[in-house]
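> Same order as they appear, the protein sequences are chains A and B.
So my numbering is basically just the index in the first sequence, starting at one, shifted up by 1425.
So my numbering is basically just the index in the second sequence, starting at one, shifted up by 1077.
For every residue, glycine included, the Cβ atom is placed at its ideal position computed from N, Cα and C.
Structure in structure tokens, see below.
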Amino acid sequence: QQQVKQSPQSLIVQKGGISIINCAYENTAFDYFPWYQQFPGKGPALLIAIRPDVSEKKEGRFTISFNKSAKQFSLHIMDSQPGDSATYFCAASHTGNQFYFGTGTSLTVIP
Amino acid sequence: KAGVTQTPRYLIKTRGQQVTLSCSPISGHRSVSWYQQTPGQGLQFLFEYFSETQRNKGNFPGRFSGRQFSNSRSEMNVSTLELGDSALYLCASSFTSGVDTQYFGPGTRLTVL
């Protein structure tokens, strides 16, 4: 059973455009929601994370929007660049360091 | 600070064999978590160790085991390998065992023939 559902599976965006990746969860006990970026041959790297007491968090070109009532959260990448081309994972956690990951979104930014 | 290191980076084994993977966390980090990454299932949590004790365990068979040493280095063992165990095995370290930022290593690519 997938605890965190992520969409879309793949995304193609023009350079300068906005990339949007969505995730949904069922377990209301989750209280930490990070996003990871993974390049081929590398491990995932933390991009940005949010806790459910805020509805939005912004770091540079990356923004997490969080809707607690809908149990959804999304990653927005503004002014997308070719260097942003990677696989993005959302995740959720509520117990220790046991994280549940989405299935990933492969982002391609076209120059 | 050096990042999380995993050895070996690549491994080829045959069915029925066993394998041991190693992970050295970031200096000062005491929590080490292991994940299996496959194209079909994505990233799945195996287990977490903190101060040499297993704190959490994912839904994997007993063939998957691990341990942590007093210097926080961790090893993961898979016995009686199956074809389906072919995956990228990722190790992540964090400072505490609570909900904390995890830093991932590059992974060990295991291929079972």
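Name, going along the chain, the residues of the segment 1439-1471 of chain A whose beta-carbon falls closer than 9 Å to a beta-carbon of chain B.
Answer set for the segment 1439-1471 of chain A: Asp1456, Tyr1457, Pro1459, Tyr1461, Gln1463, Gly1466, Lys1467, Gly1468, Pro1469, Ala1470 and Leu1471.
> On the criterion of 16 or more Cβ atoms from any shown chain inside 10 Å, does glutamine 1094/B qualify as buried, or is it exposed?
exposed
> Buried or exposed: methionine 1153/B, going by 16 or more other Cβ atoms within 10 Å of its Cβ?
With a threshold of 16 other beta carbon atoms within 10 Å, methionine 1153/B meets it and is buried.
> In three-state terms, what does DSSP make of proline 1465/A?
coil
> Mapping DSSP to helix, strand and coil, what is proline 1507/A?
helix
> Between the segment 1454-1474 of chain A and the segment 1433-1442 of chain A, can you find at least three pairs of beta-carbon atoms closer than 8 Å?
no
> Please look up how many angstroms separate the CB atoms of glycine 1182/B and glycine 1080/B, rounded, as I've assumed it's under 8 Å.
7 Å
> Check the C-beta distance from isoleucine 1089/B over to leucine 1190/B and give it rounded, since I have them as a contact under 8 Å.
7 Å
> Taking only three categories from DSSP, how would you classify leucine 1187/B?
strand
> Compare the C-beta of proline 1102/B with all C-beta atoms of chain A and state if any pair is closer than 7 Å.
no
> So glutamine 1114/B and alanine 1169/B are supposed to be a Cβ contact under 8 Å. How far apart are they, rounded?
Not confirmed; about 11 Å, so no contact.
> Could you check what DSSP says for leucine 1098/B in three-state terms: helix, strand or coil?
strand
> For isoleucine 1535/A, collect the residues of the same chain with a Cβ closer than 8 Å to its Cβ; drop the 5 residues on either side in sequence, then sort them by chain order.
Ile1437, Val1438, Gln1439, Lys1440 and Pro1507
> Just curious, the beta strand (DSSP E) that lysine 1430/A is in, first and last residue?
1429-1432
> Just to make sure I have the definition right: I need the residues of chain B whose C-beta is within less than 7 Å of the C-beta of serine 1518/A. Which are they?
Those are Val1176, listed as they occur along chain B.
> Beta carbon of aspartate 1177/B, beta carbon of serine 1171/B: below 7 Å?
yes
> Can you pull the chain A neighbours of proline 1183/B, defined as C-beta to C-beta under 9 Å?
In chain order: Gly1466, Lys1467 and Gly1468.
> Within 7 Å (strictly less), CB to CB, does glycine 1529/A reach chain B?
yes
> Which partner residues of glycine 1143/B appear in the DSSP bridge assignment?
Met1153/B
> Could you tell me whether the Cβ atoms of serine 1510/A and threonine 1533/A are closer together than 7 Å?
yes
> Determine the extent of the beta strand (DSSP E) in which threonine 1082/B is found, giving its start and end residues.
1082-1084
> Answer yes or no: do serine 1188/B and tyrosine 1166/B have a C-beta to C-beta separation smaller than 7 Å?
Rather than serine, the amino acid found at residue 1188/B in this sequence is threonine. No, Cβ-Cβ distance for threonine 1188/B and tyrosine 1166/B is not below 7 Å.
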